[in-house]
Amino acid sequence: RARPDAADAAGQTALLLNAKGGDVAIAAMLLEHGARADHVTSAGVSALALAAKHGHRALIELLIRAGTSHAGELLGSAAASGQTDALLALLKAGGGPPHLD
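Numbering (the numbering used here), first residue to last: 63 to 163.
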């Protein structure tokens with residue numbers, strides 16, 4: 063039986079590889095079978111970061127509902143990439159700009 067959270071030497075899982083293409087159905091199946099939404103590679107890359115970089119709004123929303131919690135850290139990346147849909151999804155998830163005291 064395959065493990066949905068199995069990772070290669072760099073820490074990439076099926077969910078991370080899928081995040082580049084943005085297939086929500088595959089991501090949902092992986093999450094349903096135990097893939098961790100908050101997994102991060104040895105280089106510090108998450109599925110949410112890849113989904114934001116590539117502008118996959120529906121996947122961003124799915125990953126946030128599944129429990130990933132670093133939406134605010136990705137606002138700059140989404141904005142710099144020109145990914146408006148990703149930026150809106152991250153903002154909707156509560157990833158507002160840092161507060162200055």
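Backbone N, C-alpha and C define an ideal beta-carbon position, used for all residues, glycine too.
Buried/exposed call for residue i, threshold 16 Cβ in 10 Å
i	result
ALA128	buried
ALA71	exposed
ALA109	buried
Residues of its chain near residue i, where Cβ-Cβ distance is below 8 Å and the 5 sequence neighbours each way are ignored
i	result
ALA90	LEU124
GLY106	none
HIS62	There is no way to answer for residue 62, as the model of the chain reaches only from 63 to 163.
Cβ of residue i within 8 Å of any chain D Cβ
i	result
SER108	Absent from the structure is chain D; it holds one protein chain and no more.
Cβ neighbours of residue i in the same chain (closer than 7 Å, five flanking residues each side left out)
i	result
ASP147	GLY117 and ARG119
GLN74	THR103
LEU121	ALA81, GLY84, VAL86, ALA89 and ALA113
Element boundaries [alpha helix (DSSP H), containing residue i]
i	result
ALA120	119-127
Beta-carbon proximity list for residue i, same chain, < 6 Å, skipping 5 on both sides
i	result
THR130	ALA99, ASP100 and LEU110
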